[in-house]
Structures are given as structure tokens and as C-alpha cells.
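S.K.: Could you have a look at this structure, given as C-alpha cells, before my questions?
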Amino acid sequence: MRPKIIWLTTNSCAGDILSLLNARHPNFCQMAEDYFDFRFEPFTMAAEGDLALEPLAAALNGAAGEYILVVEGNIPTAAQGRYCVIAYRAGQPWTALEAVQELAAKARYVVAAGTCAAFGGPYAAHPNPTGAKPVSAVVPQKVINVPGCPVHPDWLAGTLYHLVAHGEPELDAYNRPLIYFGETVHDRCPRRADFENGNFASQPGEPGCLYRLGCKGPVTHADCPVRQWCGEHTNWPVGANTPCIGCASPEFPDGLSPFFEH
Ligand code: SF4
Ligand code: F3S
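Here the UniProt record's numbering is used: the first residue of the sequence shown is 1, the next is one more, and so on.
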């Protein structure tokens with residue numbers, strides 16, 4: 001039986017589900033048909049209104065440990081959480097804060113998809129008027145963080161596969177799967193020899209290491225240089241002659257600004 005996924009979209013741009021829709025081998029349709037039972041995912045589901053909310057009620061009324069909760073986006077805590085409302089119950093707003101806390105309490109695993117859910121990310125950037133926080137700051141359960149802005153489809157799908165087939169993957173101090181976030185971008189960058197030899201680009205588009213243009217590869221843990229992006233793993237930021245801006249880092253974006261230097 002395919003494991004059930006409850007996917008909550010909170011304060012976010014929906015970039016993480018869009019990224020997962022760009023997955024290959026298997027693609028999203030194969031994932032949904034053969035591997036996971038997406039019971040609730042607001043971006044792709046056809047149901048609306050009360051019908052759409054039935055899986056959430058079933059999850060809350062069912063036995064514990066029957067689904068994996070994936071959260072995309074961070075959680076507003078200002079104004080009693082009313083900056084992000086999932087639905088209305090008995091005429092009252094059911095905030096993302098309440099929904100995440102209630103659903104996490106019964107989940108087998110809680111997975112934060114993307115940097116906003118994992119660490120706060122752009123939607124918690126200064127001055128953060130919604131009081132947005134990462135998922136781990138609002139639930140007592142362990143949260144497996146799979147960052148990235150957006151998350152790479154391999155990182156998220158691979159983590160979900162691992163949870164189902166082998167249980168929890170080995171995690172680092174930020175609860176990120178080591179298999180994807182164990183080394184820095186800088187560790188595996190094909191321009192590392194340029195860095196060591198002092199061959200630096202002076203403007204975007206030039207060959208050479210992009211460190212002096214602001215590259216955050218040395219402080220960013222992710223396997224982008226070897227995994228690459230764009231569906232068929234065809235390119236990545238430095239490959240396109242632009243610095244890594246550290247989108248998968250806990251400090252992104254405020255702590256890594258300015259992104260570009262000259
Ligand atoms: Fe490191 Fe960035 Fe230079 Fe690559 S381009 S070697 S990641 S500083
Ligand atoms: Fe993000 Fe840097 Fe990878 S900007 S996509 S972590 S190369």
C-alpha cells in the first residue's frame with residue numbers, strides 16, 4: 001500500500017511543489033500512482049471546498065502514524081496565526097499554526113520541504129511582519145529538514161522514499177539528510193581549482209571562481225554541483241555563471257545578503 005502524504009502549503013510561493021512537479025525518473029505522476037498516496041496537496045488536487053478537506057479530517061480522526069506530513073512554507077505566528085488560514089471550521093479560521101500542530105501530532109514523520117519550512121527563508125526575512133517561523137519552532141515533534149529555494153525534487157522525493165523504505169536517513173545537526181547536504185557546494189564545485197589557484201571572475205559570465213562576486217558556495221551545504229537542476233539535471237547556478245546565493249542555508253536570505261558583490 002502506498003504511504004499517505006498530507007502536504008500542507010503555508011506561507012510560501014508554492015515553488016517547492018512546482019519543483020517536485022519537475023521531477024524525472026520517476027516523474028510526479030509516477031510518484032503519485034506507484035509510490036505515494038497524496039491525500040491532500042492543494043496545488044494539484046481536483047477537489048474543492050468540503051470535499052477537499054475530507055482527507056485532513058480523516059487524518060486527524062484516524063490512528064496515529066498513518067501518514068507523512070509534508071509542510072511547504074513557514075508558519076506565521078503573529079495575530080494568532082491569522083496571516084495564513086488553511087480552512088474554516090465551524091465558521092472560524094483554522095490557521096496554519098493550528099493545522100500544522102494538530103497534523104504533526106499524529107504524523108509518522110514530519111518533513112519540512114524547502115528553506116521557508118526548514119529555516120524560515122524568504123517569508124521570514126526582515127522585518128518579518130507575520131512573525132513567520134520554521135516548522136520546527138512551532139511543533140514539538142522531530143522535523144526532517146529538506147531545504148532549498150526551491151527544494152530540489154531529488155532531495156525531497158529521495159528523503160520520502162528513504163523514510164518509507166528504510167526509515168529515517170542519517171541527519172546533520174540541522175536535521176538535514178546527510179546524503180544530500182553532507183558537503184558544501186564549494187567542496188564539489190568544478191571551479192574549485194580556480195579558487196585554489198587564485199583565478200577569480202571579475203564579473204558574471206566570466207570563467208573562473210565566482211567567490212569575489214559573492215559566491216556562498218563555501219558556506220552552503222548542498223550537492224548542486226554534482227546533482228544539477230532543470231529536470232534532466234542539466235545545469236546549476238555556477239554552471240550558468242552566477243554565484244551560489246546559499247538558498248539551502250539556514251541563514252538564507254538575511255544572513256547571506258548581499259548576494260552579489262563586486
Ligand atoms: Fe567555491 Fe563558488 Fe568558487 Fe565554486 S564558484 S569554487 S563554489 S567560491
Ligand atoms: Fe541554491 Fe547554491 Fe544550489 S543558490 S541551488 S544551494 S548552488
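Where is the CB? At the ideal position from N, CA and C, for every residue including glycine.
If you run the structure through DSSP and keep just helix, strand and coil, what is Gln80?
M.R.: Start at 1 with the first residue of the sequence shown, and residue 80 comes out as number 80. Looking at Gln80 - three-state DSSP - the assignment turns out to be helix.
S.K.: Buried or exposed: Tyr88, going by 16 or more other Cβ atoms within 10 Å of its Cβ?
M.R.: Residue mapping note: residue 88 aligns to position 88 of the sequence shown, counting from 1. Tyr88 should be labelled exposed.
S.K.: Flag His186 as yes when its Cβ comes closer than 7 Å to any non-hydrogen atom of the ligand SF4, and as no otherwise.
M.R.: As a first step, residue 186 is located in the sequence shown; it is residue number 186 there, counting from the start. Flag set: Cβ of His186 near the ligand SF4.
S.K.: Since Thr9 sits in a beta bridge, which residues does DSSP pair it with?
M.R.: Looking up residue 9 in the sequence shown gives position 9. According to DSSP, Thr9 bridges with Glu72.
S.K.: Suppose you measure from the CA of Tyr147 to the CA of Cys244; what does that come to, to the nearest Å?
M.R.: Within the sequence shown, numbered from 1, the residue matching residue 147 stands at position 147. Within the sequence shown, numbered from 1, the residue matching residue 244 stands at position 244. For the record, residue 147 in the displayed sequence is Pro; it is not Tyr. Going by the C-alpha atoms only, they are around 15 Å apart.
S.K.: Kindly give me the distance between the Cβ atoms of Asp194 and Cys209, rounded to whole angstroms, as I take these residues to be in contact under 8 Å.
M.R.: For the purposes of this step, residue 194 is taken as the residue at position 194 of the sequence shown. For the purposes of this step, residue 209 is taken as the residue at position 209 of the sequence shown. Contact holds; Cβ gap of about 4 Å.
S.K.: Output needed for residue 265: all residues of its chain with C-beta closer than 8 Å, excluding positions within five of it in sequence on either side, in chain order.
M.R.: This structure gives no information on residue 265, because the portion of the chain shown stretches from 1 to 262.
S.K.: Suppose the cutoff is 7 Å on Cβ atoms and the five residues either side in sequence are ignored; what does the same chain contact list for Pro190 look like?
M.R.: Here the question's residue 190 lines up with position 190 in the sequence shown. Here the set comprises Pro225.
S.K.: Contact criterion: CB-CB distance below 8 Å. Does His25 meet it with respect to chain B?
M.R.: Included in the structure is just one protein chain, with no chain B present.
S.K.: Since residue 269 and Ala248 should fall inside the 8 Å C-beta cutoff, what is the C-beta to C-beta distance between them, to a whole number of angstroms?
M.R.: Nothing can be reported for residue 269, as the shown portion of the chain is limited to 1 through 262.
S.K.: Would you mind giving the Cβ-Cβ distance between Lys133 and Asn74, rounded to the nearest angstrom? I have them listed as a contact below 8 Å.
M.R.: The count along the sequence shown starts at 1 and reaches residue 133 at position 133. The count along the sequence shown starts at 1 and reaches residue 74 at position 74. At roughly 6 Å, the Cβ-Cβ gap stays under 8 Å, so Lys133 and Asn74 are in contact.
S.K.: How about Ala112 and Val71: do their beta carbons lie closer than 8 Å?
M.R.: Your numbering for residue 112 matches position 112 in the sequence shown. Your numbering for residue 71 matches position 71 in the sequence shown. The answer is yes: Cβ separation under 8 Å.
S.K.: Could you check whether Thr159 and Pro204 sit closer than 8 Å to each other, using their CB atoms as the reference points?
M.R.: For this step, residue 204 is matched to residue 204 along the sequence shown. For this step, residue 159 is matched to residue 159 along the sequence shown. Not a contact, by the Cβ cut-off of 8 Å.
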